[in-house]
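Notes for the one structure printed next.
In the UniProt record's numbering, the protein residues as written are 1 to 80.
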(Lines of atoms letter the chains of each structure in order from A; the text may use other names.)
(Lines give C-alpha, C1' and ligand atoms only; values in the text may rest on other atoms or scores of the structure.)
Protein backbone atom coordinates (compact mmCIF):
# COMPACT_ATOMS: atom_id res chain seq x y z
CA UNK A 1 0.00 0.00 0.00
CA UNK A 2 1.20 3.50 -0.75
CA UNK A 3 -0.27 6.25 1.41
CA UNK A 4 -1.16 9.72 0.09
CA UNK A 5 2.17 10.94 1.55
CA UNK A 6 4.10 8.30 -0.42
CA UNK A 7 4.84 6.00 2.51
CA UNK A 8 5.09 2.36 1.37
CA UNK A 9 3.58 -0.27 3.68
CA UNK A 10 4.40 -3.85 2.68
CA UNK A 11 3.23 -7.06 4.29
CA UNK A 12 3.22 -10.78 3.55
CA UNK A 13 0.34 -13.07 4.47
CA UNK A 14 0.22 -16.84 4.63
CA UNK A 15 -3.25 -18.27 4.23
CA UNK A 16 -4.33 -21.91 3.97
CA UNK A 17 -6.87 -22.32 1.18
CA UNK A 18 -7.26 -26.12 1.24
CA UNK A 19 -7.19 -28.87 3.83
CA UNK A 20 -4.51 -31.60 3.83
CA UNK A 21 -6.54 -33.57 1.28
CA UNK A 22 -6.80 -30.66 -1.16
CA UNK A 23 -10.44 -29.80 -0.37
CA UNK A 24 -11.14 -26.07 -0.58
CA UNK A 25 -11.78 -24.35 2.76
CA UNK A 26 -14.59 -21.84 3.08
CA UNK A 27 -18.30 -21.78 2.40
CA UNK A 28 -20.51 -21.31 -0.61
CA UNK A 29 -23.21 -22.62 -2.89
CA UNK A 30 -23.37 -23.94 -6.45
CA UNK A 31 -19.73 -25.01 -6.39
CA UNK A 32 -18.35 -21.56 -5.59
CA UNK A 33 -16.34 -21.24 -2.39
CA UNK A 34 -15.72 -17.97 -0.61
CA UNK A 35 -13.03 -17.33 1.98
CA UNK A 36 -12.84 -14.20 4.07
CA UNK A 37 -9.55 -13.28 5.67
CA UNK A 38 -9.67 -10.47 8.20
CA UNK A 39 -6.56 -8.36 7.90
CA UNK A 40 -5.51 -5.20 9.71
CA UNK A 41 -8.38 -4.91 12.17
CA UNK A 42 -8.64 -1.41 13.61
CA UNK A 43 -6.38 0.08 10.91
CA UNK A 44 -6.85 3.82 10.43
CA UNK A 45 -6.45 5.70 7.17
CA UNK A 46 -5.02 8.77 8.86
CA UNK A 47 -4.11 10.79 5.77
CA UNK A 48 -6.72 12.29 3.48
CA UNK A 49 -6.24 11.28 -0.13
CA UNK A 50 -5.72 8.32 -2.42
CA UNK A 51 -4.30 5.05 -1.07
CA UNK A 52 -2.89 2.64 -3.68
CA UNK A 53 -3.20 -1.06 -2.87
CA UNK A 54 -1.37 -3.80 -4.76
CA UNK A 55 -1.92 -7.55 -4.31
CA UNK A 56 0.65 -10.05 -5.51
CA UNK A 57 0.42 -13.83 -5.47
CA UNK A 58 3.36 -15.40 -3.68
CA UNK A 59 2.57 -19.06 -4.33
CA UNK A 60 5.02 -21.68 -5.48
CA UNK A 61 2.85 -22.17 -8.57
CA UNK A 62 2.06 -19.38 -11.00
CA UNK A 63 -1.46 -20.62 -11.72
CA UNK A 64 -3.83 -21.75 -8.99
CA UNK A 65 -6.52 -23.87 -10.64
CA UNK A 66 -9.97 -23.02 -9.37
CA UNK A 67 -9.25 -19.43 -8.32
CA UNK A 68 -11.66 -17.20 -10.24
CA UNK A 69 -11.23 -13.87 -8.53
CA UNK A 70 -9.53 -12.13 -5.64
CA UNK A 71 -10.98 -9.07 -3.97
CA UNK A 72 -10.38 -6.62 -1.19
CA UNK A 73 -13.08 -5.03 0.93
CA UNK A 74 -12.55 -2.13 3.33
CA UNK A 75 -15.22 -1.69 5.97
CA UNK A 76 -15.87 0.76 8.77
CA UNK A 77 -15.03 -0.80 12.11
CA UNK A 78 -17.33 1.56 14.05
CA UNK A 79 -14.52 2.09 16.57
CA UNK A 80 -13.49 5.60 17.55
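For every residue, glycine included, the Cβ atom is placed at its ideal position computed from N, Cα and C.
Check, Outcome
"At least 3 beta-carbon pairs within less than 8 Å: the region 47-56 vs the region 3-20", "yes"
"Residue 56 (DSSP reduced to helix, strand or coil)", "coil"
"Beta-carbon separation (whole angstroms), residue 39 vs residue 13, contact threshold 8 Å", "7 Å"
"Residue 72 and residue 53 closer than 8 Å at C-beta", "yes"
"Reference residue 76, options 20, 10, 41, closest by Cα", "41"
"C-alpha distance - residue 8 paired with residue 70, whole-angstrom precision", "22 Å"
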